[in-house]
Amino acid sequence: MPRERSSADEPTLDDAERIPDVAPRHTPVWAFLSAALLALEAWLRSHGGKKLQYSIRAFWAMVGVAGLVLTFGPVINKPMELDDITSSASSATETWIARKFDVDYTITRAPDGTVRAEVVETIDALFPEDVRERGIERVLATNYQGHDLAPSDIRATLDGAPIEVGRSATPDQLRLSIMSEQELTGDHQYVLEYTLHHLAYQTTDEASGAPIDMLEWDVFGPSWPQGFAALDVTVTLPEELDERLLRQPRGGLAWTLLAASDWIEAEADAPPGTAVYNFTNEQNMPPHSNAWFTMPFEAETFTMPPKSTLWWVQTFGPLAPLAFLAVTLLFALAARAVAWSDERGRPWFTAQAEPPREVSPRLAAQILRAPRTMELAEALESRSRVRVAQVARRAGRVGDLPRALTRYLRAGERREQLRRGLRRIPHGFVRDLFIAAPTALTIVQWGLVRQLSHQATLAIVWWPVAFVLVSSAIALIVLAIALSARPLTKEGALIRQHLLGIEAYAERTQLLDRTTTRDRLLPYVVLFGAPRATARRVGELAAQEATASDDAADREPDPEGYLSPTRILVRLLALALVGGSIAIASTMTSPYNYEPDALMYEGDLPGTWGHTVRSFEASAELSRGADDRAVLEVSQTALVDFDDSMRHPPQYMHQWPRVHDGHDLGLEIERVTVGGKAVPFDTGIDGDDTYIVTRMVEVVSGEHEVRIDYRYTSAATAADAVGGDRVDRVRWAALVDGWEYDYGWDPDDELEPFTLELRIPQELEGLVRDGGWLTKDPDTSEVVREWMEAPIPFGTVALLDHYGDDAPEPGSVTEDTTSRGEDGARVHLLELRHGEHDSYPSRLGWTDLGTILDFPEGTFAGPDASALDDIEAEKNMPTVVVGVLSVIAVGLGLLALARGPLRETARRPGLLRDMIRWLAPASALGALILFFWASAEMASDHPALGVMAVPTLAGIAAAVTGLILTRRRKKK
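Going by our numbering, the sequence shown opens with residue 1, and the numbers climb by one from there.
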């Protein structure tokens, strides 16, 4: 190791021989932050030393322990679960009981436009003789929907006499204690009065989708652990607010999973200028019941207050640790760049023609942080031309990077630098902060996420998991910076300058262009420059010096851990196969899946459940449009008995096919009327269907006629007829599949009337090759789901009974007539009636209810035969892909069974082994994923099931065999 010379020993050098070692210029921000850290370190060292350092470590350790308790310990303030609530019913008599709970709300608009509620609660309390109680407690919410409710004007009486009200507050609740001086028994009456503010909040009306001001309030508040025998809730509004109600209020009562609610009508005898709404309950209710009322007002009825302080804290509070960690990251980067930077050697260095003493190329690579060329320098030091050629062939390549980094990090010279004092670990208060604080705060954040996961979500912007993931990533970066900081000492900096001198000498003398692989400086020179370019040049030198024996030895396989470009490609391809299979299974629907029930039958949209259809009539007229496309104009009418017992205003929903066999039918909804009045509606997509749902704001009750006019602007699609030839098909579905049992029929009566009508103009009537009422032909496949659609000829449905056989009395099930209209159009009319089993002909219920007309190919513009071919290809895609992947897995797996040299090659690290151990299992896994995806809802008798299962199992067996036969064997 070179020693630092004194000025007396230093030879006289010309300025031209001195190469300035320019110190890095740091930005003012980095310099400021680093200076602050150094000042903090100095201040802490001067005010406490080791004792203070251990105390700070203990503090962060306690913070971390608290985080672990939050993460793995009990949930703080855990909401009551169903078992807790139901078990409390058995202990209802162990405390006082509310014989009656009367509450009056007077809602007004404050001078500033906000809502104000004056509340009077009258509680008739019964204190049993065996209960030792001096009074009651009420818990009021103080924060609601981000608003500060600011309870005020609180006062109470006990049996008519004023009584003091005790108060204790938490950030979101106010607990009121109304206690007498002695224990109470028997019946007593409490009257509690208070005023609440800012109860209304802005939201979106589920009925209309428009913004509204909502007043929704829980009568009992956050906690009501008492049972009660009667409830009376009254809400009084001034006329100007009542006029802005979108619909009548709704009140309800619930306990656990049991709930009931109803629309509230205004009292007829309300005082002038006011509207009074009231709902009552006379049934005994157990503890922890809920009672509520909702009042939807027009938007901007009230002025909304600013968000409360608690809302801001709870919403953006989780950002505080994230912000702290972000600042910590800045300080850590500044510390790494400035405070923990390498020490300075001399202000200059000179070109060096000799290697540094007692510094091997491996140690030099550690000092210069050159992991990718360390092995190349090591090979050059060994002076083995064969090894130099082998290492030069792979050094600097992407495939060698994992192996090079592993050797660099495991090298003993890393520890040697610290042992010889060439690098140092910057111990101190600041490093402890960078290690302890991010770790402890991240643990606390995960604990808070776990605790808050048991609470209600406060706001959309509260993304706790996202915040914690970002915080965790920042914490890992800060930890990596603090733990990996190993700046050079003065001695290490001098060695680094010596090595820089070798680089300067090599550049001046063009060493790489004139040297040999045995040059003593070359192992140090290769540590500089681009790794791959340097390795390529060293490889050229080795090739120039190579002998025949060297060439033979150079053909030895690459060492384990090195990945050639082709091996990298094989592994990437394997990952792509598995990832692609997962992507297909995640984003695409298997063509073999059972089609889900139509959304219109599920009642999942607000207000669409519980109605009864009394009649249904649909009339369609086919025509040719100006663009030569098939146009279908449809008008349907249903008599619907709307059920207003649900919590949402009743709505009507219907859906029709919008796409068939890949062809867009051009569905347009023209108008929707209820009781003769046009109503707003929304449209949506459910698979290949389009649905409409009304957006009626007012509550509709009883029977109303619902009429919908719609049209298909491109009704003809390409199709394969039962005979196999290609046709233009016009398919009309008035009711989608499932109609026979799911379409809101009255279970005790059939529809009257229930008719479908199709009108075909004369110019198109003569072109019809085949037509009738829509069904499926069971003779077209042994698999029910593969039955092709076909028509029941017009005029023959009346001859079928419920099972599709000949009816004993034609016309007893349906009326199926064909006539000629006044305009000459052919009119087909189907009037459905129940048969002897109170159901409709089964053949009509095998698919959508409607008609099917086949025309010669080319009759209409629009049908796209390629779309139909694409559908067929999509149906066969899972079978083909699973088969291809299985063949790949089987083929590669069988290679492991080969004999002779091929078998030995398959067991050595290399391309063939990677194909067997990576590509074969990936293909088998991809086939397995796609098999489960395709067969999850496949019928057990589907022919494709066996076609996919056999090759999938074969591929898995072959892949496992390949893994076993090519596993690494322990050297004896």
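We put the beta carbon where it would ideally sit given N, CA and C, even for glycine. Keep in mind it's a predicted model, so treat the numbers as computed, not measured.
Q. Under 8 angstroms between the Cβ atoms of Asp124 and Gln226?
A. Locating residue 124 in the sequence shown gives position 124, where the first residue counts as 1. Locating residue 226 in the sequence shown gives position 226, where the first residue counts as 1. No. Outside cutoff.
Q) Buried or exposed: which applies to Arg967, given that a residue is buried once 16 or more other Cβ atoms fall within 10 Å of its Cβ? A) Residue mapping note: residue 967 aligns to position 967 of the sequence shown, counting from 1. Around the CB of Arg967, fewer than 16 other CB atoms lie within 10 Å, so the residue is classed as exposed.
(Q) Can you give me the C-alpha to C-alpha distance between Glu765 and Ala867, rounded to a whole angstrom? (A) Taking the first residue of the sequence shown as position 1, residue 765 is located at position 765. Taking the first residue of the sequence shown as position 1, residue 867 is located at position 867. Within the model, the alpha-carbon separation for Glu765 versus Ala867 is close to 26 angstroms.
(Q) Let me check understanding here. Comparing Cα to Cα, which of Gln651, Val465, Ser842, Gly821 lies closest to Arg777? (A) Taking the sequence shown and counting its residues from 1, the one referred to as residue 777 is at position 777. According to the sequence displayed, residue 777 carries Asp and not Arg. Checking every option, the nearest Cα to that of Asp777 belongs to Ser842.
Q | Option nearest Lys417 by Cα separation, candidates Ala353, Arg486, Phe349, Ile888 | A | The residue you call residue 417 lines up with position 417 of the sequence shown. One detail in the question is off: residue 417 reads as Gln in this sequence, not Lys. The candidate whose alpha carbon is nearest that of Gln417 is Arg486.
Q: Could you name the residues of the same chain whose beta carbon sits closer than 8 angstroms to that of Pro347, not counting the 5 residues immediately before and after it, in chain order?
A: Position 347 of the sequence shown, counted from the start, is the residue given in the question as residue 347. Taken in chain order, the residues that qualify are Pro20, Asp21.
Q) Considering only the beta carbon of each residue, do Leu527 and Ala365 sit closer than 8 angstroms? A) Here residue 527 corresponds to residue number 527 of the sequence shown, with the count starting at 1. Here residue 365 corresponds to residue number 365 of the sequence shown, with the count starting at 1. Cβ distance < 8 angstroms, so Leu527 and Ala365 count as in contact.
Q. Which of helix, strand or coil does DSSP assign to Phe931?
A. Reading the sequence shown from its first residue, position 931 is the one you call residue 931. Phe931: helix per DSSP, three-state reduction.
Q) To the nearest angstrom, how far is it from the Cα of Arg393 to the Cα of Ala475? A) Taking the sequence shown and counting its residues from 1, the one referred to as residue 393 is at position 393. Taking the sequence shown and counting its residues from 1, the one referred to as residue 475 is at position 475. Their Cα atoms are separated by approximately 39 angstroms.
Q) How about Ile1005 and Gly893: do their beta carbons lie closer than 8 angstroms? A) Here the chain has residues from 1 to 972 only, and residue 1005 is not among them.
(Q) Quick check on Arg624: does DSSP put it in helix, strand or coil? (A) Stepping through the sequence shown from its first residue, residue 624 is reached at position 624. Strand.
Q. So what's Gly811 in DSSP terms, helix, strand or just coil?
A. Taking the first residue of the sequence shown as position 1, residue 811 is located at position 811. Legend: pLDDT at Gly811 = 44, less than 50; position of this residue unreliable, value from coordinates given subsequently. Coil.
Q. Are Thr489 and Gly64 close, meaning C-beta to C-beta below 8 angstroms?
A. The residue you call residue 489 lines up with position 489 of the sequence shown. The residue you call residue 64 lines up with position 64 of the sequence shown. No, the pair does not count as a contact, with Cβ atoms beyond the cut-off.
(Q) Between Glu183, Gly428, Phe316, which has its C-alpha nearest Leu126's C-alpha? (A) For the purposes of this step, residue 126 is identified with residue 126 of the sequence shown, where counting begins at 1. The residue from Glu183, Gly428, Phe316 with its alpha-carbon nearest to that of Leu126 is Glu183.
Q. Can you find at least 3 beta carbon pairs, one from the stretch 653-667 and one from the stretch 262-278, that sit closer than 8 angstroms?
A. no
Q. Taking Leu174 as the reference, which of Arg18, Val191, Val165 has the closest Cα?
A. Locating residue 174 in the sequence shown gives position 174, counting from the first residue. Nearest C-alpha to Leu174: Val165.
Q: Confirm the yes/no value for this check: CB of Gly273, any heavy atom of the ligand GDP, distance under 7 angstroms.
A: This structure lacks the ligand GDP; in fact it carries no ligand of any kind.
Q: Report back the beta-carbon spacing between Gly302 and Thr114 to the nearest angstrom; my notes put them in contact at under 8 angstroms.
A: For this step, residue 302 is matched to residue 302 along the sequence shown. For this step, residue 114 is matched to residue 114 along the sequence shown. For the record, residue 302 in the displayed sequence is Phe; it is not Gly. Contact flag correct, Cβ pair sits at about 6 angstroms.
Q) Under three-state DSSP, which class holds Leu149? A) Taking the sequence shown and counting its residues from 1, the one referred to as residue 149 is at position 149. DSSP places Leu149 in coil when its eight states are reduced to three.
Q. At what residue ranges does the stretch 763-805 contain a whole run of the beta strand (DSSP E), taking only runs of 3 or more?
A. The beta strand (DSSP E) runs of length 3 or more contained entirely in the stretch 763-805 are, from start to end of the chain, 770-777, 788-793.
Q: Evaluate Trp43 with the Cβ neighbour count: other Cβ atoms within 10 Å of its Cβ, from every protein chain shown; 16 or more gives buried, anything less gives exposed.
A: Residue mapping note: residue 43 aligns to position 43 of the sequence shown, counting from 1. That one is exposed.
**Q.** Ranges of the alpha helix (DSSP H) found wholly within the stretch 182-262, counting only runs of at least 4
**A.** 239-242
Q: Tell me whether the beta-carbon of Leu38 lies closer than 8 angstroms to the beta-carbon of Ala334.
A: Counting from one through the sequence shown, the residue named residue 38 turns up at place 38. Counting from one through the sequence shown, the residue named residue 334 turns up at place 334. Contact: no.
Q) Sorted by chain position, which residues of the same chain lie with C-beta nearer than 7 angstroms to Ala504's C-beta, five sequence neighbours on each side aside? A) Against the sequence shown, residue 504 aligns to sequence position 504. Closer than 7 angstroms at the Cβ level, and outside the excluded window around Ala504, lie Ile19, Ala351.
Q) Quick one: any contact between the stretch 638-651 and the stretch 609-618, if contact means 3 or more CB pairs under 8 angstroms? A) yes
Q: Note the first and the last residue of the continuous alpha helix (DSSP H) segment covering Lys292.
A: Here residue 292 is taken as the residue at index 292 of the sequence shown, counted from 1. It is worth fixing the name first, because residue 292 is Trp in this sequence and not Lys. Counting along the chain, Trp292 falls outside any alpha helix (DSSP H), though it belongs to the beta strand (DSSP E) covering 290-298.
(Q) Let's test the definition: count the other Cβ atoms within 10 Å of the Cβ of Gly146 and tell me whether it reaches 16, buried, or not, exposed. (A) Taking the sequence shown and counting its residues from 1, one reaches residue 146 at position 146. Sixteen is the threshold: when 16 or more other Cβ atoms of the shown chains lie within 10 Å of the Cβ of Gly146, as they do, the residue is buried.
Q: In the DSSP assignment, find the beta strand (DSSP E) that holds Ile107 and state where it starts and stops.
A: As a position in the sequence shown, residue 107 is number 107, starting the count at 1. Start and end: 97-109.
Q: Just the C-alpha distance for Asp153 and Gln283, rounded to the nearest angstrom, thanks.
A: Here residue 153 refers to the residue found at position 153 when the sequence shown is read from its first residue. Here residue 283 refers to the residue found at position 283 when the sequence shown is read from its first residue. Taking the straight line from one Cα to the other gives about 32 angstroms.
(Q) Along the chain, where does the beta strand (DSSP E) containing Phe59 start, and where does it finish? (A) Along the sequence shown, read from residue 1 onward, the residue named residue 59 stands at position 59. No beta strand (DSSP E) contains Phe59, which is instead part of the alpha helix (DSSP H) from 49-72.
**Q.** Stretch-stretch touch, CB-based, cutoff 8 angstroms, three pairs: the stretch 255-269 with the stretch 316-323
**A.** Verdict: no, contact absent.
**Q.** Continuous beta strand (DSSP E) stretch holding Gln651: start and end
**A.** In the sequence shown, the residue the question calls residue 651 occupies position 651. Neither: Gln651 is in no beta strand (DSSP E) and is coded neither H nor E.
Q.
I'd like to confirm the pairing. Which residues does DSSP put opposite Ala618 in its beta bridges?
A. Looking up residue 618 in the sequence shown gives position 618. Per DSSP, Gln636, Leu756.
Q) Terminal residues of the continuous alpha helix (DSSP H) containing Ala576? A) As a working note, residue 576 is residue 576 in the sequence shown. For Ala576, the enclosing alpha helix (DSSP H) begins and ends at 565-587.
Q.
Taking only three categories from DSSP, how would you classify Thr517?
A. The sequence position of residue 517 within the sequence shown is 517, counting from 1. Coil at Thr517, not helix or strand.
(Q) On the criterion of 16 or more Cβ atoms from any shown chain inside 10 Å, does Thr534 qualify as buried, or is it exposed? (A) Residue numbering aside, residue 534 sits at position 534 when the sequence shown is read from its first letter. That one is buried.
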